[in-house]
Amino acid sequence: MSPLIIAPILIPLITGFSALLKRRGRRRVAFALGMSANLIAAVLMMASTFDGTILVSQMGNHPMPFGISLVVDPLSAIMLLLTAVMAFLVGIFALATIDANRERFAFFPLFAFLIVGLNFAFLTGDLFSLYVAFEIMLMSSFVMVTLGGERGQLEGGIKYVTINLISSTIFVVAAGLTYTVAGTLNIAHLAIRFSELADPGVTLVLAGMFLIAFGIKAAIFPLFFWLPASYHTPPIAVTALFGGLLTKVGVYAMWRMLILVLPAATAVLQPLLIVISILTMIVGVLGAVAQMDVRRLLSFHVISQIGYLLMSLAIGTSEALSAGIFFMVHVILAKTALFLISGVVHEFEGSYHLKYLGGVTKRHPGAALMFFVAALALAGIPPFSGFWAKLLLLRAGIAAEQYLLVGVGFAVSLLTLYSMIKIWNEVYWKPNGKASNGAHASPLTKIERRAMIGAAAVMVALVFALGIAPEPVIELSNRAAADLFPTGTQQSGYVEAVVAASADIGGLSE
Amino acid sequence: MTILYAVTIGVLFACGTYLVLRRSLVRLIIGLSLLTYAANLMIFTSGNLQQRGTPIAGETQPEAMADPLPQALILTAIVISFGVTAFTLALGYRASQAVGGDDLDAMQTTDQEELT
Amino acid sequence: MTRSPFFKFLARAMMPILILFSIFFLLRGHNQPGGGFVGGLVGASSIVLMTLAYGAEEVARQMRFDFRRVMLWGVIVAVIAGMLGLIFQSSFLGSIWFKPYLDGIGRLELGTPALFDAGVYIVVFGATVAIVMAMAEESDREVE
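Chains as they are written, first to last, in our numbering: chain A, 20 to 529; chain B, 10 to 125; chain C, 498 to 641.
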């Protein structure tokens with residue numbers, strides 16, 4: 020096995036510790052180099068799995084149920100690449116915008132450790148390691164949310180920390196129960212054991228617990244209140260990273276556990292999933308429509324988009340999952356782009372509030388153009404990426420005869436468009452806001468300003484490119500989705516690959 | 010033995026949940042750590058509540074060994090919850106300084122519309 | 498703030514004992530209870546004791562280390578131990594053993610797991626001391 024498979028964990032880990040060093044210049048260089056190396060590793064990983072190969076490595080050469088598996092299937096590769104792209108661009112944005120005080124209190128090491136947790140979560144093929152990965156990610160995110168110690172941050176932070184700790188507790192209890200029932204924690208081995216298990220009652224309990232644990236992290240319908248209370252409080256670079264990635268890890272974990280490991284129980288839960296998906300979409304977008312702060316508005320949109328991602332789980336076919344994976348790529352890029360652009364506008368005009376902003380189109384047509392592309396992409400107007408994502412998802416819904424879901428998905432799209440138009444009217448088109456006249460004194464230097472605008476522009480360019488040429492990504496998500504479903508009498512591609520890799524080193528031969 | 014464990018876990022979960030729902034920040038933090046204790050005990054029960062031999066190869070026959078995995082899991086979970094508890098205490102301290110008390114109901118400003 | 502001379506003497510006397518004890522823990526850890534994590538904590542407790550006895554500033558001046566750099570080295574040692582396994586055994590953390598026979602001592606069993614444990618020891622040592630020093634400097638400032 021090439022050393023590539025461990026690189027997404029080791030590179031940000033070493034980066035994080037290097038970025039703890041005392042001298043400011045060295046720390047920044049170490050961080051920038053580390054995030055670039057991480058991006059290169061993720062691109063190489065994608066290149067070696069693009070044809071559908073699944074890379075498996077057993078840590079310490081212990082075979083499957085005993086050692087921890089690291090698995091890179093196309094789904095993991097997609098998530099790793101997205102994380103690396105996000106980490107790189109948001110990293111540049113953060114290098115430009117984060118104030119000296121936050122930097123002194125280890126902002127960049129925390130950023131790197133967050134990436135360690137995310138990459139570990141996407142790589143691991145072991146349930147308990149997934150818990151550890153979530154905890155690494157959460158610990159870093161806890162500190163990043165509260166770093167700076169403003170009152171709003173501390174208040175939002177307490178809610179964020181409390182609810183996420185409760186979710187972790189449910190997760191770890193579910194993992195313990197899984198071990199009691201199945202006697203293993205390896206995800207591939209669990210899939211085999213649960214497919215043999217006659218009694219579906221126990222798996223139903225487990226599926227419900229995983230749904231709640233990951234649902235809290237993903238901010239699904241009744242469990243999302245922590246998100247709009249906390250996401251807008253930290254600096255915009257943090258909000259962009261969290262809004263773009265963190266909730267999506269919850270959805271990723273749901274796909275892994277509910278589709279791959281517990282398909283029988285998920286089929287029983289389908290009506291519930293449909294209701295949750297519908298309510299998440301509607302409540303999220305209605306909340307967004309009512310907001311006047313751009314960051315809060317976009318935070319509510321995060322929830323609404325989670326509803327769409329959940330829709331792929333609720334429909335439950337391979338086609339729907341493939342559409343869901345494409346939607347994931349689209350929404351991570353588009354949502355982060357929107358957050359970064361609102362950061363750029365704040366840099367120019369000094370506000371996030373719709374009433375106070377205005378006339379940005381005239382003063383900064385570039386920013387307006389970027390927003391225009393990203394907003395239409397999010398709303399799903401052709402030829403932008405959101406159109407393909409929603410088209411695929413709705414088509415999968417019609418194929419599975421889930422007309423209610425399809426109808427709601429369509430209506431919510433219109434409301435999304437409405438809330439984007441609201442931002443457009445208030446921030447960009449309206450002649451002038453209450454306070455802004457374009458003369459906002461910013462502490463940033465010219466180079467820092469260019470770097471932040473550049474990062475946002477590259478993000479928008481990626482969204483645009485995904486809309487123009489969706490074909491390769493759609494193919495890739497088809498392959499990624501197919502690997503999670505069993506074909507005929509065979510186990511799913513993911514499970515087969517892990518079992519084969521363990522058999523190579525003299526392990527379990529079933 | 011199993012019943013004793015089940016009752017203990019249930020009581021811990023109940024106390025933890027009750028404390029988390031109180032208005033006081035300190036009780037919230039204590040409640041959260043009670044919940045993690047309950048979770049750790051829960052994992053402990055997954056490894057057969059019997060007295061078995063130490064799981065060291067060469068010292069004990071494989072049939073007579075206790076299952077070492079739950080203990081490894083709990084050890085990890087304890088270390089994590091130790092770190093998390095330390096962090097929540099620090100956060101609670103700073104938050105009570107910023108708000109001027111440990112009343113959670115006073116911490117609602119982020120849910121309201123603010124003009125910045 | 499006055500500090501007790503007895504405590505100062507005790508801390509000074511305990512320091513080498515604790516360090517030796519921690520290395521004993523580290524080496525014992527492969528097959529017996531012990532290991533890098535516990536060893537690192539015990540080792541760090543020696544510095545913590547000095548900090549309590551002499552104050553954080555004094556200790557920081559005498560140590561002349563940046564403990565955050567110690568952490569980085571620990572991680573690098575652990576990663577190297579893992580990578581050796583990856584290169585020669587095609588699996589991260591795969592174990593490689595080297596067992597030389599030394600006259601008068603007996604058979605030594607050196608391997609990458611021990612190296613990994615040493616990395617863990619260094620990380621835990623560095624991290625614990627760095628955290629305690631940061632907190633002690635803060636509280637010293639508040640006392641003054």
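All C-beta atoms in this analysis are idealised placements derived from N, C-alpha and C, irrespective of residue type, glycine included. Just so it is clear, the structure is predicted and the values come from calculations on it, not from any experiment.
- Under the DSSP assignment, A:Q324 falls outside any beta strand (DSSP E), being part of the alpha helix (DSSP H) whose first and last residues are 313 to 334.
- By the Cβ-count criterion, A:H372 is buried, with 16 or more other Cβ atoms from all chains shown falling within 10 Å of its own Cβ.
- For A:N120, the secondary structure class from DSSP, reduced to helix, strand or coil, is helix.
- Contact annotation for B:A86 against chain A: V191 [CB-CB distance below 7 Å, chain order].
- In chain order, F213, T222, L225, A226 place their CB closer than 7 Å to the CB of A:L281, counting only its own chain and leaving out the 5 sequence neighbours on each side.
- Comparing alpha carbon positions, the residue from A:Q172, A:G385, A:G144, A:Y447 closest to A:V518 is A:G144.
- In the DSSP assignment, C:W594 forms a beta bridge with C:G608.
- Interface annotation, A:V517: not in contact with chain B, CB-CB separation never under 8 Å.
- Minimum Cα-Cα distance from A:T34 among the listed residues A:G71, A:F126, A:M65, A:V75 corresponds to A:F126.
- Of all residues in the segment 99 to 121 of chain B, only L100, G101, R103, A104, A107, V108, L113, M116, Q117, T118, T119, D120 come within less than 8 Å of chain A when Cβ atoms are compared, listed by chain position.
- Rounded to the nearest angstrom, the Cβ distance from A:I297 to A:L424 is 7 Å, consistent with a contact under 8 Å.
- Excluding five sequence positions before and after C:M511, the CB atoms of its chain that fall closer than 7 Å to its own CB belong to S543, L546, given in chain order.
- Rounded to the nearest whole angstrom, the C-alpha separation of B:P79 and A:L129 is 30 Å.
- Going by DSSP, A:V90 is part of the beta strand (DSSP E) stretching over 88 to 91.
- Take the alpha-carbon of B:T85 and the one of A:M439: they are about 45 Å apart.
- The beta carbon of C:M630 sits no closer than 8 Å to any beta carbon of chain A.
- Put simply, the CB of B:L44 is near chain A, with a gap under 8 Å to one of its CB atoms.
- Taken atom to atom, the span from the alpha-carbon of A:S432 to that of A:S496 is near 22 Å.
- Ranked by Cα distance from A:I487, the first of A:F406, A:R498, A:Q510, A:K441 is A:F406.
- Looking at A:K41, A:I466, A:L94, A:A49, the one whose alpha-carbon comes closest to that of A:M64 is A:L94.
- Annotation for B:S33: D111, D112, L113 place their beta carbon closer than 8 Å to its own, counting only its chain and skipping 5 residues before and after.
- Using a Cβ-Cβ cut-off of 9 Å, C:I573 is close to I33, F36 of chain A, given in chain order.
- Look at the beta carbons and you see the segment 320 to 334 of chain A touching the segment 294 to 308 of chain A: at least three pairs across the two are nearer than 8 Å.
- When secondary structure is reduced to three states using DSSP, A:H383 falls in the coil class, being assigned neither helix nor strand.
- Within the segment 519 to 540 of chain C, no residue places its CB atom closer than 9 Å to a CB of chain A.
- The beta-bridge partner set that DSSP reports for B:M74 consists of B:G62.
- Of the residues assessed, B:E72 falls on the exposed side of the cut-off, its CB having fewer than 16 other CB atoms within 10 angstroms.
- At a cut-off of 8 Å, the C-beta of A:I97 has no neighbouring C-beta in chain B.
- Among the CB atoms of chain C, none fall inside 8 Å of the CB of A:P27.
- Proximity of B:M74 to chain A, defined by a Cβ-Cβ separation below 8 Å, is not satisfied.
- Judged by DSSP in its simplified three-state form, A:H372 adopts strand.
- Restricted to the segment 403 to 441 of chain A, the alpha helix (DSSP H) segments that are unbroken, complete and at least 4 residues in length are 404 to 418, listed in chain order.
- According to the DSSP secondary-structure assignment, B:Q117 is paired through a beta bridge with no residue.
- If you check the CB distance, A:A522 and A:Y447 do not come in under 8 Å.
- For the segment 75 to 94 of chain A, the residues whose beta carbon sits under 7 Å from a beta carbon of chain C are, in order, S76, Q77, M78, G79, N80.
- In the DSSP assignment, A:N451 forms no beta bridge with any residue.
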